[in-house]
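J.:
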Amino acid sequence: MTRLSFLVSIAAFTATTATAGTLTHCETSDFASTPRYAETIEFVKRLEAIAPWMRYESFGLSPAGRELPLIICDKSKKFEPLAGKPVILVFNGIHAGEIDGKDACLMLLRDMTAGKYAEWLNRMTLLIVPILNVDGHERFGLYNRPNQNGPEGGMGFRVNAEGVNLNRDWMKLETPECRALVTVYNKWRPQLVVDMHTSDGEDFQYDLQYLWGVHPSTSSTKQAYQEALADRIRQKMLPMGHKTSLYLSLQDPTDAASGVRLYPPSPRFSTSYFDLRDSMSILVETHADKDYRTRVLAARDYLEQLFSEIAKDPASLLTATDAARRETSSRQAGGPFAIGMEITDATRPYPYEGWVMSAVKSEVTGGMIPVYTRTPRTYQTTIQDRLKVTREIAVPTAYILEPGMSRIAKKIEEHGITIHRLVEPAELAVEAYRVEKIEFQPASYQGHHPASGTFIIEKQTRRFEAGSYVIPGVQPETAVLVYLLEPESGEGLFHWNYFDWIVEQKEGPEDYTMELWAAQMLKDPDIRGEYQERLAKDEAFAKDAEKRLRFFYEKSPYFDREVGLYPVFRYSGPSVPK
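For any residue, its number in the working numbering is found by taking its place in the sequence shown, counting from 1, and adding 8.
Next comes the structure, spelled out in structure tokens:
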């Protein structure tokens, strides 16, 4: 052995033994506690000092000024996206009390620095966010998760420092944490995104549940790959002592025989959002009633099997996601896209692995509550897991915003959506939505009072000035674009109150002025006939002087015809305006 090779061997041995002896905080506490934010960062930086293929980066700041930590594992040491090599993004602690995934990832990273899982680095690039909701993580306490069994030393809180649930923010991107992670996503375009959680809900035998993104308008090729991969992992988890299942809920929480159902996709949640962006996207939920050791090991083992399966055949993952992205980019303007869906009543057989349970009457509320034993029972029941599209729209050639909509344009661009601006003024035939009725949720939700409405569609020929924003309807981010801008999607910017002002009347006449106009307008026989018919048929109108005057104001040249007009215009011409 040459002196150089001897020194290399000694260095490798020293790094391996040093890393192998580096237990995580969770392990040293015998799975009783999880490390705080500073301890987590310090541990990661110790690993980074050992492993030249690992880089710690801050990818942004939280509302309280804490760094958002990102760990990049890249054997090439370029720490940049590489063609032909899949990228896997795993983030933990979006709900900071649900922190099992963080400790699972720290164990896997430690083992990787000790030389284990070498095939992962050869076959993929890993991006790991140990904690996304870093401020919620440091709102540490013993009583933050009433339905959760440990960690005994305490855990973080569900929302961030601004009181926002980050896993409801993926469409509006109002939190610095989600905006920063989407910036990471836009740079790396990962083929797989994994969001680690701990579930509430029913009690059952499963250690872990999972749910893949399954929007009906995304690629069937991608969904077929996901289903096959999920089944292989489920089979591999069994001999490791873990029972896993789809993420589901009981039809009747007091009766496991009542059947189970899945949740319809919604892009306010990460799993559906990243699915719409043509990545494989998976939600992993360990079971809150299991002890912390069981949950952390289940999360670690699931990720281990997931990464190992991909490392066996990374080309298949690349092929499936590339196919999905080609399908999206080759859509035709005018083609359908689903923006509303629900789980149908159709069922298929499903074995549900629960406990023997009963329903008893509560002495407190008088309602029925479930009581679980620890006797396992497999219920031969049914599952409702088929989606039905309830609302579909035609993808336009382009959406157009007038130059004053810069705030909306900026929000759209945050999602990686392509926008350009008109070079010259243009008169274009467009479709416009006009609000017939708008309602606001009375209780605050995510700091908003979300809006819903009914609309009519008007055809207009409208002059758009130079500088107007033109957003091609067919592009790599078509799905997110459609959800953001279609007001009936229930998930877009209209829903999140970005357009409430359109129903506000900003100018209007005084009553004494309107009285004079009305008297003159009544000389028109058509207006007089319509007015008298309305009086005869609408009792509320006849009794309300303000409504009667408004009838005339809306027919006057002073009425603002833009009130109620949704300022996002659909253009369906043969090509995108330049």
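Here a beta-carbon is modelled for each residue, glycine too, at the ideal position from N, C-alpha and C.
1) Thinking C-beta only, is S70 closer than 9 Å to D177?
2) Check whether the segment 322 to 340 touches the segment 225 to 240, taking contact to mean three or more Cβ pairs, one atom from each stretch, closer than 8 Å.
3) Indicate whether I96 and L135 have their beta-carbon atoms separated by less than 9 Å.
4) From P565 to L492, what distance separates their C-alpha atoms?
5) Output needed for M248: all residues of its chain with C-beta closer than 7 Å, excluding positions within five of it in sequence on either side, in chain order.
6) Unbroken alpha helix (DSSP H) runs of length 4 or more, entirely within the segment 186 to 237: which are they?
7) Can you list, in chain order, the residues of its chain whose CB lies under 7 Å from that of V304, leaving out five sequence neighbours each side?
8) When the Cα atoms are used, what is the spatial distance from P359 to I391?
9) Would you call the segment 567 to 580 and the segment 508 to 516 touching, i.e. three or more CB-CB distances under 8 Å?
10) Going along the chain, which residues of its own chain have a beta-carbon closer than 7 Å to the beta-carbon of V6, five neighbours each way excluded?
11) Between R385 and G362, which are expected to be in contact by the criterion C-beta below 8 Å, what is the C-beta distance as a whole number of angstroms?
12) Suppose contacts are defined by Cβ-Cβ distances below 9 Å. Is G171 in contact with S41 by that definition?
13) Tell me whether the beta-carbon of I425 lies closer than 9 Å to the beta-carbon of I479.
14) For the segment 528 to 548 and the segment 211 to 220, state whether three or more C-beta atom pairs, one from each stretch, are separated by less than 8 Å.
15) Using the Cα positions of S580 and A548, report the straight-line distance between them to the nearest angstrom.
16) From the DSSP secondary-structure annotation, give me the bridge partner or partners of G348.
17) Do Q340 and V482 come within 9 Å of each other at the CB atom, strictly closer than that value?
18) If I'm right that V443 touches F463 with Cβ under 8 Å, what's the distance once you round it to whole angstroms?
19) Tell me the DSSP bridge mates of T252?
20) Where does L557 sit, in a helix, a strand or coil, going by DSSP?
21) Between V584 and T405, how many whole angstroms is the CB-CB distance? I'm expecting something under 8 Å.
22) Drop a sphere of 10 angstroms on the beta-carbon of V268, count the other beta-carbons inside from all chains shown, and report buried for 16 or more, exposed for fewer.
23) For S476, which residues of its own chain have a beta-carbon under 7 Å away from its beta-carbon, when the five flanking residues on both sides are left out?
24) Among L311, W196 and F282, which residue has its Cα nearest to the Cα of P89?
25) Taking a contact to mean a Cβ-Cβ separation below 9 Å, would you say M120 touches Q199 in this structure?
26) Does DSSP put F567 in a helix, a strand or coil?
27) How big is the Cα-Cα spacing for E499 and P273?
28) So is V379 buried or exposed if we call it buried at 16+ other beta carbons inside 10 Å?
29) In this structure, what does DSSP give as the bridge partners for R356?
30) Indicate whether Y64 and P77 have their beta-carbon atoms separated by less than 9 Å.
31) Comparing C-alpha positions only, which one of M522, M413 and Q259 sits nearest to P575?
32) For F577, which residues of its own chain have a beta-carbon under 6 Å away from its beta-carbon, when the five flanking residues on both sides are left out?
33) Please report the Cβ distance between L181 and K551, rounded to the nearest whole angstrom; I am assuming they are in contact, meaning their Cβ atoms lie under 8 Å.
34) If W504 and P458 are in contact, beta carbons under 8 Å, what's the gap, nearest whole angstrom?
35) For a quick check, are the C-beta atoms of N175 and F277 less than 9 Å apart?
36) Would you decide whether K298 is buried or exposed? Buried here means 16 or more other CB atoms lie within 10 Å of its CB.
T.: Looking at the coordinates:
1) In this structure, S70 does not lie closer than 9 Å to D177 by Cβ.
2) Short answer: they touch.
3) Yes, they are a contact pair.
4) C-alpha separation (whole angstroms): 34 Å.
5) Cβ-Cβ distances below 7 Å link M248 to D309 in the same chain, with the five nearest sequence neighbours on each side left out; the list follows chain order.
6) Positions of the alpha helix (DSSP H) runs, each at least 4 residues long and wholly inside the segment 186 to 237, cannot be given because no such run exists.
7) C34, F39, D108, D111 and A112, listed in sequence order.
8) The straight-line gap separating the alpha-carbon atoms of P359 and I391 is approximately 9 Å.
9) Taking 8 Å as the limit for Cβ pairs, the verdict is that the segment 508 to 516 does touch the segment 567 to 580.
10) Not covered by the structure: residue 6. The range shown for the chain is 9 to 586.
11) Contact holds; Cβ gap of about 6 Å.
12) Their beta carbons are not under 9 Å apart, which means G171 does not touch S41 by this criterion.
13) Contact flag set, yes.
14) Counting Cβ pairs under 8 Å, fewer than three are found: no touch.
15) Distance between the alpha carbons of S580 and A548 is about 41 Å.
16) In the DSSP output, where bridge partners are listed per residue, G348 has R399.
17) With respect to the 9 Å criterion, V482 and Q340 are classified as neighbours on the basis of their beta carbons.
18) Rounded to the nearest angstrom, the Cβ distance from V443 to F463 is 6 Å, consistent with a contact under 8 Å.
19) Looking at the DSSP assignment, T252 forms a beta bridge with L216.
20) DSSP places L557 in helix when its eight states are reduced to three.
21) About 6 Å separates the two Cβ atoms, so the contact holds.
22) Burial call: buried.
23) Residues I408, L409, E410, P411, R429 and L430 of the same chain have their beta carbon placed closer than 7 Å to that of S476, with the five preceding and five following residues left out of the count.
24) Of L311, W196 and F282, the residue nearest in Cα terms is W196.
25) With respect to the 9 Å criterion, M120 and Q199 are not classified as neighbours on the basis of their beta carbons.
26) DSSP places F567 in the coil class of the three-state scheme, outside both helix and strand.
27) Approximately 11 Å between the Cα atoms of the pair.
28) Taking every protein chain shown into account, the CB of V379 has fewer than 16 other CB atoms within 10 angstroms, so this residue is exposed.
29) Per DSSP, I391.
30) Going by C-beta atoms, Y64 is nearer than 9 Å to P77.
31) Comparing Cα-Cα distances from P575 to each of M522, M413 and Q259, the minimum goes to M413.
32) These residues qualify, in order along the chain: I408, V438 and A440.
33) Contact flag wrong, Cβ pair sits at about 47 Å.
34) Their Cβ separation, rounded to whole angstroms, is 6 Å, which keeps W504 and P458 in contact under 8 Å.
35) Yes, these two residues count as a Cβ contact at 9 Å.
36) Burial of K298 is indicated by the presence of at least 16 other C-beta atoms within 10 angstroms of its C-beta.
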